[in-house]
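Comments concern the structure below.
Protein chains: 2
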Amino acid sequence: MATVSRVLNDYPDVSPVTRERVWEAIRKEQFVPDRTARSLVTGRSHVIGVILETGVGHPDLQHPFFQEVLVGLRHTVGSSAYDLLLLNAVESGNAFDPQGYLRRIRHHRVEGVVLMGADRHDPEIDEVVRSGVPCMAVDLDLRGGRTGYVMSDNVGGAALAVRHLHDLGHRRIALIGGSTDTKPGVDRLLGFRRELERLGLRHRTDYVREGDFYPESGQVAMAALLDLPGRPTAVVAAADLMAAGAIQAIVDRGLRVPDDIAIVGFDDIQIAPLLQPSLTTIRQDKRGLGARAARTLLRLIADPELEPPVITLPVELVVRESSGGTVNSRAAERRAKEG
Amino acid sequence: MATVSRVLNDYPDVSPVTRERVWEAIRKEQFVPDRTARSLVTGRSHVIGVILETGVGHPDLQHPFFQEVLVGLRHTVGSSAYDLLLLNAVESGNAFDPQGYLRRIRHHRVEGVVLMGADRHDPEIDEVVRSGVPCMAVDLDLRGGRTGYVMSDNVGGAALAVRHLHDLGHRRIALIGGSTDTKPGVDRLLGFRRELERLGLRHRTDYVREGDFYPESGQVAMAALLDLPGRPTAVVAAADLMAAGAIQAIVDRGLRVPDDIAIVGFDDIQIAPLLQPSLTTIRQDKRGLGARAARTLLRLIADPELEPPVITLPVELVVRESSGGTVNSRAAERRAKEG
DNA sequence: TTGTAAGCGTTATCAG
DNA sequence: CTGATAACGCTTACAA
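Each protein sequence line maps, in turn, to chains W and R. Per the working numbering, the very first residue in the first sequence carries number 1; after that it's consecutive. Per the working numbering, the very first residue in the second sequence carries number 1001; after that it's consecutive.
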């Protein structure tokens, strides 16, 4: 029995002959080691938990951004010996079953947790972070003894978007920002402001609207911007979905993108190139975020001494039609003159 | 010890006083029952596996359709005492760790499996189906002693799309079908053909193209259709993403939707209303598919005698701009005359 | 109604 | 190098 265990775990102190005999038997019996029993004694589970907050209105699992992050996660985790457990926030009916995240984590002996789309101030999340279980957050600035995070260069990305529009001759640039409850929301706003300043453009507070990363909010914000006296000629949206909503609002008014209003999005989700017009956007390396979070988490699990890092991934401007950046810049010059 | 167990499991034979004392202690100690230990003795894990095939090119987790199904799954499973384990297809580096699905399932003592986006002829999938573990497939016609499936009324949906276009006056209707390797692909083709026949329309084989449910294939197929002598005036795409690709192809030629070509999609994914023009489509109840699969699976797990069912969910025509169905039907009459 | 004791399938610790 | 044996934390007879 013990020898079988040794063979299974690749321990060196087994004679080649015995080893082969054991493998033989394992194959013949179709033997699969039982994870539960092993977990019981080792304390390890080979399971990584994923917390992806499920609001009633906006299950974040549904936001294309997180889906792509999840793909990266899955891929990286999959090539290790771990599996992903989707931790549900929903309460169970049964009284003894763990309800909170932390309880579920302990229950399943989850070895590490990836946190996405969760509320930074949720006490449950706090509990998890403090628990000492290794955690990596994505797009969420959570820190702790065993908790780090991965995030795109949101400040730089927003600045990039502004600069691009400025280069195209735009001077009246507005922002449909993300929720300022979130770090990405705050950082994109910051990058937007800074670049405006750096370029010597006037900063109009009525040119800044706050959305929630989803289409409707982009549509509403855009409608408001269009009502402004001296409406903007260009808009940076802090998420592609909001950009899509904004385009809707523009088209609804009988205006055109990019001729009347230029749009730059953020994320470069799968459908960005499929929109009409195709969306100029700041590309986040979504899979990279997932992969990086996973890789770091695995290291955090393996090495208890490792200091949880804060990782920033670069972003990239992808020029398509919605900014008018692909056509010749005759119009740009005109706009620049108009100020 | 045993008494604690009894309290935890809500057994009746515990005095109210003792029961309360135990709960008290549990709360005080922040005690969380260990799932691994319990699993070891009960043989149950409270874990449902999810197989979502990850091709290199098209991780299906990335298809919006499956994402929404997953939301439904998660929600339903979450309100029971189960958690979802994402089973990775990727092989692990470690020799003893389970590689195939079935091994991973046994390894984790997964109680039931939801199958999505997998290849019907994959021997690994076959293994799982034959294993006797309760399974429910979504959009996949897998049957077995303990395996059933849930699927939309694809035949009816395709027919609905054709009829809608016919009602609008179209007579030259083409199909960008899904992969005929898949049941939905076959069924949508079938529905398309049948309805054409029923309406007494001629069936042109060059009006039927096969795609793979992703945008590029829609674009390619549409380009081919546009090259046809006597090109169609309307196209049914067997997936919204393909419809989006088709619209691209049309716009690229300087043609317009729906004026030159009307389009109807399939799925009603999140971004369908955000496309320009917004997409007329056949709505699948994606969350319903997930929820139904989950509910049925839970029953299958609870009752070993239960015959695994085949469930069909109704679909619904959602009229938006891309079919020209929202505008007045002057054009429709004209087209009808032209035949 | 409660406590005692025997497993569940592994790994880890010891002798041999 | 290999075979016993004791945990791991829980459930479940079985006794008390």
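Positions of the beta carbon are idealized from the N, C-alpha and C atoms, including for glycine.
Residue i and residue j closer than 9 Å at C-beta
i: Ala-244/W; j: Ile-176/W; result: no
i: Gly-1049/R; j: Val-1150/R; result: no
i: Leu-1255/R; j: Leu-275/W; result: no
i: Ala-1272/R; j: Val-1318/R; result: yes
i: Gly-1145/R; j: Gly-1132/R; result: yes
i: Val-155/W; j: Leu-196/W; result: no
i: Pro-1184/R; j: Pro-1308/R; result: no
i: Leu-1140/R; j: His-1166/R; result: no
i: Asp-1268/R; j: Ile-1250/R; result: no
i: Val-1220/R; j: Val-1264/R; result: no
i: Ala-291/W; j: His-75/W; result: yes
i: Arg-1188/R; j: Phe-1266/R; result: yes
i: Ala-223/W; j: Asp-260/W; result: no
i: His-1164/R; j: Thr-1280/R; result: yes
Close-in-space but distant-in-sequence residues of the same chain around residue i (CB under 7 Å, 5 per side omitted)
i: Pro-1258/R; result: Pro-1277, Glu-1321, Ser-1322, Ser-1323 and Gly-1324
i: Asn-1094/R; result: At Asn-1094/R the pLDDT is 39, less than 50, meaning the model places this residue with poor confidence and gives no usable figure here.
i: Glu-216/W; result: Gly-245
i: Glu-967/R; result: Within the shown structure, residues of chain R are numbered from 1001 to 1339, placing residue 967/R beyond reach of any answer.
i: Val-1022/R; result: Thr-1003, Val-1004 and Val-1007
i: Asp-1206/R; result: Leu-1228
i: Val-14/W; result: Thr-3, Arg-6 and Val-7
Cβ of residue i within 9 Å of any chain W Cβ
i: Ser-1217/R; result: no
i: Pro-1258/R; result: no
i: Pro-1064/R; result: yes
i: Pro-1277/R; result: yes
i: Ser-1015/R; result: no
i: Pro-1033/R; result: yes
i: Ser-1039/R; result: yes
i: Val-1251/R; result: yes
i: Val-1133/R; result: no
i: Arg-1202/R; result: no
i: Asp-1083/R; result: yes
i: His-1121/R; result: no
i: Ala-1255/R; result: At residue 1255/R the sequence reads Leu, which differs from the Ala that was named. Not closer than 9 Å to any Cβ of chain W, the Cβ of Leu-1255/R fails to qualify, so no.
8 Å CB neighbourhood of residue i in its chain, flanking five on each side removed
i: Ile-1051/R; result: Leu-1087, Ala-1089, Tyr-1101, Val-1113, Val-1114, Leu-1115, Met-1116, Ala-1118, Ile-1125 and Val-1128
i: Val-47/W; result: Tyr-82, Asp-83, Leu-84, Leu-85, His-108, Arg-109, Val-110 and Glu-111
i: Gln-270/W; result: Pro-64 and Glu-68
i: Pro-1033/R; result: Leu-1008
i: Ser-1152/R; result: Asp-1139, Pro-1184, Gln-1284, Asp-1285, Leu-1289, Thr-1312, Leu-1313, Pro-1314 and Val-1315
Minimum Cβ-Cβ distance from residue i to chain R less than 9 Å
i: His-164/W; result: no
i: Leu-274/W; result: yes
i: Val-235/W; result: no
i: Gly-245/W; result: yes
i: Ala-293/W; result: no
i: Arg-27/W; result: no
i: Ile-271/W; result: yes
The ligand MG heavy atom lying under 8 Å from the CB of residue i
i: Val-220/W; result: Although the ligand MG was asked about, the structure shown includes no ligands whatsoever.
Residue i - partner residues in DSSP beta bridges
i: Met-1136/R; result: Val-1114/R and Gly-1148/R
i: Asp-267/W; result: Arg-283/W
i: Arg-209/W; result: Ile-176/W
i: Gly-1254/R; result: Answer by DSSP bridge pairing: none, since Gly-1254/R is not bridged.
i: Val-32/W; result: None; Val-32/W has no bridge partner.
i: Ala-1237/R; result: Ile-1176/R
i: Ile-1048/R; result: Leu-1084/R and Gly-1112/R
i: Glu-1316/R; result: Arg-1283/R
i: Val-1310/R; result: Tyr-1149/R
i: Ala-293/W; result: None; Ala-293/W has no bridge partner.
i: Ala-223/W; result: According to DSSP, Ala-223/W bridges with nothing at all.
i: Ala-262/W; result: Ala-234/W
Supposed close pair residue i, residue j - CB separation, criterion 8 Å
i: Val-1071/R; j: Gln-62/W; result: 6 Å
i: Gln-1284/R; j: Val-1310/R; result: 16 Å between Cβ atoms; not a contact.
i: Leu-225/W; j: Pro-232/W; result: 6 Å
i: Leu-168/W; j: Ala-262/W; result: 7 Å
i: Leu-306/W; j: Arg-299/W; result: 6 Å
i: Ser-45/W; j: Thr-1036/R; result: 7 Å
i: Ala-158/W; j: Phe-192/W; result: 4 Å
i: Arg-1106/R; j: Leu-1142/R; result: Contact flag wrong, Cβ pair sits at about 19 Å.
6 Å CB neighbourhood of residue i in its chain, flanking five on each side removed
i: Arg-1038/R; result: none
i: Arg-172/W; result: Pro-232 and Thr-233
i: Ile-1301/R; result: Glu-1111, Gly-1112 and Pro-1134
i: Val-186/W; result: Thr-180
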